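Have a look at the structure below, then the notes.
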Amino acid sequence: MKKRTKEIIEIFDKEFGTTIVHYLDYENAWQLLVATTLSAQCTDARVNIVTKELFKKYPSIDALASANLKDVEEIIRSTGFYHNKAKNIIGSMKEVRDRFHGVVPSGIEELTSLPGVGRKTANVVRGNIFHEPSVVVDTHVKRVSNRLKLTKNQDPVKIEMDLMKELPKDHWILFNIQAIAFGRKICHARGPKCDICSFQRYCKKYQEDMKGKI
Numbered sequence: 001m002k003k004r005t006k007e008i009i010e011i012f013d014k015e016f017g018t019t020i021v022h023y024l025d026y027e028n029a030w031q032l033l034v035a036t037t038l039s040a041q042c043t044d045a046r047v048n049i050v051t052k053e054l055f056k057k058y059p060s061i062d063a064l065a066s067a068n069l070k071d072v073e074e075i076i077r078s079t080g081f082y083h084n085k086a087k088n089i090i091g092s093m094k095e096v097r098d099r100f101h102g103v104v105p106s107g108i109e110e111l112t113s114l115p116g117v118g119r120k121t122a123n124v125v126r127g128n129i130f131h132e133p134s135v136v137v138d139t140h141v142k143r144v145s146n147r148l149k150l151t152k153n154q155d156p157v158k159i160e161m162d163l164m165k166e167l168p169k170d171h172w173i174l175f176n177i178q179a180i181a182f183g184r185k186i187c188h189a190r191g192p193k194c195d196i197c198s199f200q201r202y203c204k205k206y207q208e209d210m211k212g213k214i
């Protein structure tokens, strides 16, 4: 591991801890799969409100797989893109029930073969349910890893591969949690709080902004 990367990790660990925090509410693999699908372009807080009602009405894989599309759409409407999300959720639950005998698979290929499930969602499930070292690339990870020069890429899959090379395995899933906390508290997409940030010496944006003020 590069000395620079090691220093960045040490700061993250010190300021944001090493505890695995769950931002989405779930009790098992299929619920996390559904919640993560709903989280696309939606806040975790909103998803948690919606899934509380959704999981109460549909308490099992089979119940959700057999659900009426319009009913699911109505429940998840506030998460945005609800037509596609409802179709994909019901479709993925049918696949889990019929093709995987009611058990959410742990393999990346099997998970991404489910309707609407990309690498981000698959890695959330793999990392949090099956404890498989996985890098989850969401908007916070993409922004933070670019600003800290841990990657030069914008494509999520390429960023994932870069971070797998840069970070030790025990920080793969943890980096996502730390980056979310850091992104929400300090490293905002617009108007980041650079004056109180501990990563100034590592940050491409901060250094570019400083040059512009000279």
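Numbering (full-length UniProt numbering), first residue to last: 1 to 214. Beta carbons are placed, not taken as given, at the ideal position from N, Cα and C, and that holds for glycine. The structure displayed is predicted, hence computed values, not measured ones.
Express the C-alpha separation of residue j and residue i in angstroms, rounding to a whole number.
i           : j       : result
Met-161     : Glu-73  : 35 angstroms
Asn-146     : Thr-5   : 13 angstroms
Tyr-26      : Val-141 : 22 angstroms
Thr-139     : Met-210 : 24 angstroms
Leu-24      : Gln-207 : 34 angstroms
Leu-32      : Phe-182 : 23 angstroms
Leu-54      : Gly-107 : 26 angstroms
Asn-84      : Ile-90  : 10 angstroms
Lys-57      : Val-104 : 20 angstroms
Ser-134     : Met-1   : 17 angstroms
Ala-189     : Asn-28  : 32 angstroms
Arg-99      : Ala-122 : 17 angstroms
Glu-110     : Glu-95  : 10 angstroms
Lys-87      : Ala-67  : 10 angstroms
Arg-119     : Arg-97  : 21 angstroms
Asn-153     : Arg-143 : 10 angstroms
Lys-193     : Lys-165 : 28 angstroms
Leu-69      : Glu-132 : 33 angstroms
Phe-130     : Pro-59  : 21 angstroms
Arg-201     : Asp-170 : 25 angstroms
residue 277 : Arg-184 : Residue 277 is absent from the structure shown; the chain starts at 1 and stops at 214.
Gly-102     : Phe-175 : 31 angstroms
Lys-52      : Asp-71  : 15 angstroms
Lys-3       : Gly-191 : 29 angstroms
Is there a C-beta anywhere in chain D that falls below 8 angstroms from the one on residue i?
i      : result
Pro-59 : Absent from the structure: chain D. Only one protein chain is present.
Looking only at its own chain, which residues have a Cβ that is under 7 angstroms from the Cβ of residue i, when we skip the five neighbours before and after it?
i       : result
Ile-196 : Ile-186
Arg-77  : none
Val-47  : Leu-24, Ala-35, Leu-38, Ser-39 and Thr-79
Phe-16  : Gln-178, Ala-181 and Phe-182
Go through its chain and collect everything with a Cβ distance to residue i's Cβ below 8 angstroms, but skip five positions before and after it.
i      : result
Ile-11 : Ser-198 and Phe-199
Should residue i and residue j be called a contact, given that it needs their Cβ atoms to be closer than 8 angstroms?
i       : j       : result
Val-137 : Pro-168 : no
Leu-38  : Val-21  : no
Thr-19  : Val-125 : no
Leu-163 : Leu-148 : no
Ile-159 : Asn-128 : no
Excluding five sequence neighbours on each side, which residues of the same chain lie with their C-beta closer than 6 angstroms to the C-beta of residue i?
i           : result
residue 216 : No statement about residue 216 is possible, as the shown extent of the chain runs from 1 to 214 and does not include it.
Ile-180     : His-140
Lys-204     : Arg-147 and Lys-149
Trp-30      : Ile-61 and Val-104
Tyr-82      : Glu-73 and Ile-76
Validate contact between the stretch 42–50 and the stretch 78–95 using beta carbons, cut 8 angstroms, 3 pairs: They touch, by the three-pair rule.
Completely contained alpha helix (DSSP H) runs for the stretch 155–199, where each covers 4 or more residues: Within the stretch 155–199, the complete alpha helix (DSSP H) runs of at least 4 residues fall at 156–166 and 172–185.
Touching by the beta-carbon criterion (3+ pairs, under 8 angstroms), the stretch 107–122 and the stretch 7–23: By the Cβ rule, the stretch 107–122 does not count as touching the stretch 7–23, because fewer than three pairs are nearer than 8 angstroms.
Contiguous alpha helix (DSSP H) assignments of at least 4 residues, all confined to the stretch 60–135: Runs of the alpha helix (DSSP H) inside the stretch 60–135: 61–65, 69–76, 82–98, 108–112 and 119–128.
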